[in-house]
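Worksheet: one structure, shown below.
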Amino acid sequence: MNETLSSVMLGVTEGITEFLPVSSTGHLIVTSQLLGVEDTGGTFEIAIQLGAVLAVVWHYRHDLLLQAKQASHPDVKRQWGSILLAFVPAAVLGFLFSSWITLHLFSVPTVAAALIIGGVLMLVAEGLAYRVGTRNVQQVRPLQALMVGGMQCLALIPGMSRSATTIIGGMFAGMDRSTATQFSFYLSIPTLGLATLYALGKNLSALQEGQLLNLLVGMVAAFFMALLAVGWLLRYVSKHNFRLFAWYRILFGTLLLALTFRGVLA
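Per my numbering, residue 13 is the first one in the sequence shown, and the count goes up by one each step.
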């Protein structure tokens with residue numbers, strides 16, 4: 013398949029799935045195999061996340077500018093202190109074990125199992141009568157942030173989904189769905205942004221001129237699709253629960269296991 017078209021399709025996949033709790037990494041691994049792209053788990057799949065991160069920044073641009081102007085306000089300090097606290101655990105583990113994870117866990121069976129496990133956890137989170145005490149991202153407490161950060165560590169496993177684990181962690185910590193979702197989106201800015209810049213800085217010299225163009229195409233596609241996905245999910249969670257995503261994960265994971273067993277996917 014044409015490399016530019018493949019880049020567009022991977023960018024669309026990244027943009028749609030990055031912020032929905034269904035695992036962008038898992039979908040990219042499968043999409044890459046179906047398209048015959050050999051960079052699975054490599055620089056391209058990581059770097060196009062920058063488009064998705066910029067979509068979040070654009071969506072919250074007015075809030076971010078206001079927070080920058082009011083950086084000394086206690087509520088702003090509390091919000092970003094909680095975000096940075098939640099960022100640290102996965103950042104440390106990712107820095108230490110990213111190469112091992114890429115080498116050993118980027119496979120369809122791992123993705124399938126993680127999708128199913130994540131779906132079950134989501135059903136558990138929806139089924140438990142948790143007490144909602146936090147309805148605003150500026151009210152998130154340090155202990156809640158640490159719980160979200162601990163759950164985000166699970167997202168290092170391909171298929172678990174950073175969005176899913178952080179939203180579930182937020183719900184378990186006492187946030188309502190909308191607040192947990194917004195906190196997850198804000199947390200994506202340092203988490204995905206720094207991970208993407210690190211990957212680009214580490215591997216940019218290995219990319220050829222044509223690959224740089226395809227990388228830009230993938231980023232642009234990811235940006236526009238992620239912008240749509242972020243707005244849609246925030247509207248969705250204001251009126252619905254996450255059971256639809258949970259069952260999608262379980263069914264999709266089961267399908268991937270069946271296709272792997274039959275030798276269609278590796």
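Note that the Cβ used here is the ideal one computed from N, Cα and C, for glycine as well.
Pick helix, strand or coil for residue i, following the three-state DSSP scheme.
i: residue 172; result: coil
i: residue 273; result: helix
Does the beta-carbon of residue i have 16 or more other beta-carbons within 10 angstroms, so that it is buried, or is it exposed?
i: residue 32; result: buried
i: residue 23; result: buried
i: residue 12; result: Beyond the ends of the chain as shown, which are 13 and 278, falls residue 12; an answer cannot be given.
i: residue 250; result: exposed
i: residue 39; result: buried
Using 8 Å for Cβ pairs, my map puts residue i next to residue j. What's the rounded Cβ distance?
i: residue 164; j: residue 153; result: With a Cβ gap of about 17 Å, residue 164 and residue 153 do not count as contacting.
i: residue 99; j: residue 199; result: 6 Å
i: residue 131; j: residue 259; result: 7 Å
i: residue 242; j: residue 67; result: 6 Å
i: residue 144; j: residue 272; result: Contact flag wrong, Cβ pair sits at about 39 Å.
Which residue from the options puts its Cα closest to that of residue i?
i: residue 46; options: 242, 68, 102, 19; result: 19
i: residue 115; options: 103, 170, 137; result: 170
i: residue 230; options: 61, 123, 127; result: 61
i: residue 245; options: 273, 186, 92, 71; result: 71
i: residue 268; options: 81, 254, 41, 97; result: 41
i: residue 101; options: 263, 172, 166, 127; result: 166
i: residue 160; options: 178, 149, 150, 148; result: 178
i: residue 15; options: 226, 275, 264; result: 226
i: residue 37; options: 79, 124, 80; result: 124
What residue range does the alpha helix (DSSP H) around residue i cover?
i: residue 104; result: 86–117
i: residue 33; result: Careful: residue 33 lies outside any alpha helix (DSSP H) and carries neither H nor E.
i: residue 286; result: The chain is shown from 13 up to 278; residue 286 falls before or after that span and cannot be answered.
i: residue 200; result: 189–215
i: residue 128; result: 120–139
i: residue 71; result: 61–71
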